[in-house]
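The structure appears right after this line, and notes come after that.
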Amino acid sequence: MSNPDPKFSTEPRPGSPVRRVLPYLEPSSPVKATTNPGNIRIPGHVKNASARLPDIDVSDFMNLLSPEYDIKTIPESVQSLLTRLLELPKSTKEETLYQPICDLLNACAAHVEEHMKVRGLNHAPLLFVIHADSAPSEHALGTKVRPDLVAVNASAEEIEYYRRTKNIAQQDEQKDGPEEQRKKSKQFVGVPWARLCMTIEVKPMVVKDGGREQAAMYTTYHLIGRPDCVGVFGLCLSPSSFRLYWSDAEGTRITTPMELINGGHLLMQLMWTVRRPARPHTYYDSTIGFMSELPQGSGDANSARRPRLPSGIPVNPTRSRRVNVFVDYKHNLACKDIFLSRTRFYFEHRMLNIAHDYGRSVLPGVPILVEYAVVKDREERFITTCESQWKRLRIVVEGIGETLESCPTIYELLKVLYDLVETHRLLCARGVLHRDISMGNVLWNVHKPPLRKTYQSHEGGVYISRVLDKTQVEDPNKCLCLLADFDNSAFTQGSAKYLDNLKANSVELDPSIEPEEPGNRSSRTGTPMFIARAVSSGRLLQGPGTLPPDLPKVSDKAASLYKAAYKDINVEYPKPTLVPPGPETPPFCHREYHDMESVFWLLVYRLIMWGDGKDELEYDGVHPYLRDFLSHEISSMCHDQRGAWIDQAEFPNLLHSRLRKGPIATLITEMFGIVWPEYALCEGVSVDFVHEAFRRLLINAIVEMDATGEHYAFGEPRGFLKNYSDPVAPATSTHLSTQLGNKRPSDDSRHSSRKRTRH
Numbered sequence: 003m004s005n006p007d008p009k010f011s012t013e014p015r016p017g018s019p020v021r022r023v024l025p026y027l028e029p030s031s032p033v034k035a036t037t038n039p040g041n042i043r044i045p046g047h048v049k050n051a052s053a054r055l056p057d058i059d060v061s062d063f064m065n066l067l068s069p070e071y072d073i074k075t076i077p078e079s080v081q082s083l084l085t086r087l088l089e090l091p092k093s094t095k096e097e098t099l100y101q102p103i104c105d106l107l108n109a110c111a112a113h114v115e116e117h118m119k120v121r122g123l124n125h126a127p128l129l130f131v132i133h134a135d136s137a138p139s140e141h142a143l144g145t146k147v148r149p150d151l152v153a154v155n156a157s158a159e160e161i162e163y164y165r166r167t168k169n170i171a172q173q174d175e176q177k178d179g180p181e182e183q184r185k186k187s188k189q190f191v192g193v194p195w196a197r198l199c200m201t202i203e204v205k206p207m208v209v210k211d212g213g214r215e216q217a218a219m220y221t222t223y224h225l226i227g228r229p230d231c232v233g234v235f236g237l238c239l240s241p242s243s244f245r246l247y248w249s250d251a252e253g254t255r256i257t258t259p260m261e262l263i264n265g266g267h268l269l270m271q272l273m274w275t276v277r278r279p280a281r282p283h284t285y286y287d288s289t290i291g292f293m294s295e296l297p298q299g300s301g302d303a304n305s306a307r308r309p310r311l312p313s314g315i316p317v318n319p320t321r322s323r324r325v326n327v328f329v330d331y332k333h334n335l336a337c338k339d340i341f342l343s344r345t346r347f348y349f350e351h352r353m354l355n356i357a358h359d360y361g362r363s364v365l366p367g368v369p370i371l372v373e374y375a376v377v378k379d380r381e382e383r384f385i386t387t388c389e390s391q392w393k394r395l396r397i398v399v400e401g402i403g404e405t406l407e408s409c410p411t412i413y414e415l416l417k418v419l420y421d422l423v424e425t426h427r428l429l430c431a432r433g434v435l436h437r438d439i440s441m442g443n444v445l446w447n448v449h450k451p452p453l454r455k456t457y458q459s460h461e462g463g464v465y466i467s468r469v470l471d472k473t474q475v476e477d478p479n480k481c482l483c484l485l486a487d488f489d490n491s492a493f494t495q496g497s498a499k500y501l502d503n504l505k506a507n508s509v510e511l512d513p514s515i516e517p518e519e520p521g522n523r524s525s526r527t528g529t530p531m532f533i534a535r536a537v538s539s540g541r542l543l544q545g546p547g548t549l550p551p552d553l554p555k556v557s558d559k560a561a562s563l564y565k566a567a568y569k570d571i572n573v574e575y576p577k578p579t580l581v582p583p584g585p586e587t588p589p590f591c592h593r594e595y596h597d598m599e600s601v602f603w604l605l606v607y608r609l610i611m612w613g614d615g616k617d618e619l620e621y622d623g624v625h626p627y628l629r630d631f632l633s634h635e636i637s638s639m640c641h642d643q644r645g646a647w648i649d650q651a652e653f654p655n656l657l658h659s660r661l662r663k664g665p666i667a668t669l670i671t672e673m674f675g676i677v678w679p680e681y682a683l684c685e686g687v688s689v690d691f692v693h694e695a696f697r698r699l700l701i702n703a704i705v706e707m708d709a710t711g712e713h714y715a716f717g718e719p720r721g722f723l724k725n726y727s728d729p730v731a732p733a734t735s736t737h738l739s740t741q742l743g744n745k746r747p748s749d750d751s752r753h754s755s756r757k758r759t760r761h
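With positions in the sequence shown counted from 1, the corresponding number in the numbering used here is that position plus 2.
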């Protein structure tokens, strides 16, 4: 794929040396090198991205699209609607094109959603509706933006509600006088801008301009209306061709026209990208700037290049809460912007302070807080979405990593998980309970951070690199895991030893954080497919109580390494007993072992996806279990479909045939036995029992794989992902609720439960 424009580079571009995150300033504003960075807020503003840039070829524009989804053939449901659109006469009026185009785009979105569902990927509802059916609310700047079609993150039932609300409001206005009409015109009718994810301009073939300027205007205003987006897509479509649009802080880019007859696969890939923005693309945010390190006497800091933080990665682009993360690979920095309701408390920065002993030392495996502030514009106003209660917060941390999909082998993955267990154990000792361990929040720490003198060992913490090589002295606290995203974490007060240590060093806890009692940790917080079963259901696991198995034995091969690292491998844990049934059954709350169950599901997910590039035919019998797991949802009902899986002995049969024997099968089977009991129904279980059990099981598997030399490199995904059939085409009735109502069951419950948070 050609890539002549450096603005579309997929490689991270290094910035200049960083002293502190500074306010965004116009080029004419001087930035003195002597500026005191000690107490700087992080303000900024959203820039009008109306600047016209030259047209680019669609192949270059594809650098904005995700490479994860490459459609080879057009499904019949999409092809039939595409053919119907192409056969329309040239004299067709614009209004007549709305419904056929809406049907085509919804068919593309439906197929991609089913494809994402079977791959176990987070999928937001994406519906295309005619503007007249559900108009966006008035723009924050007072400008009415009325594209022909809009794509929204909402269920069909919600769209129907917005349409009814709009019709009722219009009927009431006809009965009111001018003053009442003026007041009601400012009230919300239609889909909130926070739900709008793409604008579409429709033009007949006879129009000379093809809607180019109009579509560019809509895309630009969409960006202004969504300050929680670093960029937005737009689409201008006729029965014969289409253009894609992209607006960000640098301006609005437009592709050259693409023939529709050959571009169906690009439309489908666009549906994928809207849900999962491309990670390697360079985004720009005009509110982020760095101060260059200049030699003394060099004068104005503007004499040097002042780059923006280069690479932006949008995360969880759904609903009215959006998170954007920008990373600077050279300086190991990440800048996270999040829009939160003023009614929700946000403690991530405080949790990071607790994790690192309030600056006294650094806990490997956890990002280091650099700066935290509310982002304001030049006039000291909050940057909010159109729903004014959502304001923009920014947190800057030191410590970045790669996704677990980047781990080249299962062997390397197990080492990362070992350090994850150790990091989580140390966090629990400090009173920090993460509560959202998932693929997106656990990173592979392959970027070497700057060596800090404050690196210390914590409460006997030893990471896998040191366990395997006790002679390692260059970085004895090297941790292969980086646990991110503490915005759902809870403070549990920590161990008595930790609190006594703080008191002895005259360190006071942040008075704004109150320890959460177990009864207050009953909210369902986590990510589908990785959340613990009891947390997903919101209650204790049902059925007779089961005692956990004995603590696993360290294998003979691993015993010497383990003993050298931890001094004693014969730690005695109290023998648990079952709580007798009765009215005094403990209430449900999120506990330490629930996070460890999330580690188990994370490993299950990566092992299920493992393939060696060869077709295999023996997965038909386990496909229903895989589908239950990969399409898991946090239901509003007190039930989790993963709770009815096959028994422990049969669990390895879910894996690729090459993994069903040997250390991987042993590891997953014994982990299964550790996480399956309901520990709340057992008395005398140590808080770190599951940590110790997982640590022993992982070191056994790692040492065994080291001895055999078989590390199981990740290849092509298994065949059940490649052979997925095309879903049934949605109905194409002109009535919205009939057209879209049966396409996504339980959209509201699925998406509202995507990540449960404290309110």
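Think of the CB as a built atom: it goes at the ideal place given N, C-alpha and C, for glycine as much as any other residue.
DSSP state of residue i mapped onto helix, strand, coil
i      : result
Asp614 : coil
Tyr360 : helix
Lys559 : helix
Asp330 : strand
Ser243 : strand
Arg644 : helix
Leu225 : helix
Asp597 : helix
Cys110 : helix
Val276 : helix
Val234 : strand
Leu549 : coil
Ser294 : Low local confidence applies: a pLDDT of 35 at Ser294 is under 50, so the model's placement there is unreliable, with the coordinate-based value given in what follows. DSSP places Ser294 in coil when its eight states are reduced to three.
Lys565 : helix
Asp471 : coil
Ala709 : helix
Phe631 : helix
Ile132 : strand
Residue i, enclosing alpha helix (DSSP H) - first and last residue
i      : result
Ser538 : Arg535 to Ser539
Val80  : Glu78 to Leu88
Arg427 : Ile412 to Ala431
Phe349 : Taken as a continuous stretch (DSSP letters only), Phe349 belongs to no alpha helix (DSSP H), as it is neither H nor E.
Val677 : Pro665 to Val677
Residue i versus the options, residue with shortest Cα-Cα distance
i      : options                           : result
Ile226 : Thr201, Leu269, Leu246 and Gly213 : Thr201
Glu599 : Ser659, Met673 and Leu107         : Met673
Phe696 : Val234, Asp708, Leu553 and Asn326 : Leu553
Arg437 : Arg593, Ser467, Glu373 and Leu542 : Arg593
Tyr681 : Thr75, Arg644 and Arg541          : Arg541
Val376 : Phe691, Arg396 and Leu128         : Arg396
Leu84  : Glu261, Leu406 and Leu198         : Glu261
Gly711 : Glu414, Ala431 and Arg698         : Glu414
Arg432 : Pro410, Val469, Arg352 and Leu683 : Arg352
Asp359 : Ser408, Glu407, Tyr348 and Leu429 : Leu429
Residue interval of the beta strand (DSSP E) (run including residue i)
i      : result
Met200 : Leu198 to Val204
Gly253 : Gly253 to Ile256
Cys591 : Careful: Cys591 lies outside any beta strand (DSSP E) and carries neither H nor E.
Own chain, CB closer than 6 Å to residue i, minus 5 neighbours either side, in chain order
i      : result
Lys455 : Because the pLDDT of Lys455 is 45, which lies under 50, any placement of that residue in the model is unreliable, and the number read from its coordinates should be weighed accordingly. Around Lys455: no qualifying Cβ.
Pro551 : Gly675
Glu78  : none
Ile412 : Tyr714
Pro665 : Ala703, Glu706 and Met707
Beta-bridge partners of residue i, as assigned by DSSP
i      : result
Gly528 : Gly528 is not bridged to any residue.
Ala492 : Leu435
Asp250 : Gly233 and Gly253
His371 : It is Leu, not His, that sits at residue 371 in the sequence shown. Val399, per the DSSP bridge assignment.
Met260 : Phe244
Glu685 : Thr579
Close Cβ partners of residue i (< 8 Å) along its chain, the five nearest in sequence each way excluded
i      : result
His133 : Arg148, Pro149, Asp150, Leu151 and Val152
Leu2   : In the structure as shown, the chain begins at 3 and stops at 761. Residue 2 is therefore absent and cannot be evaluated.
Gly686 : Pro576, Lys577, Pro578 and Thr579
Residues near residue i in its chain [Cβ-Cβ closer than 7 Å; skip 5 each side]
i      : result
Ser739 : In this prediction, Ser739 has a pLDDT of 23, which is less than 50 and means its spatial position is unreliable; what the coordinates show is noted afterwards. Same-chain partners within the cutoff: Ala158 and Glu162.
Glu203 : Pro149, Asp150, Gly213, Gln216, Ala217, Tyr220 and Cys238
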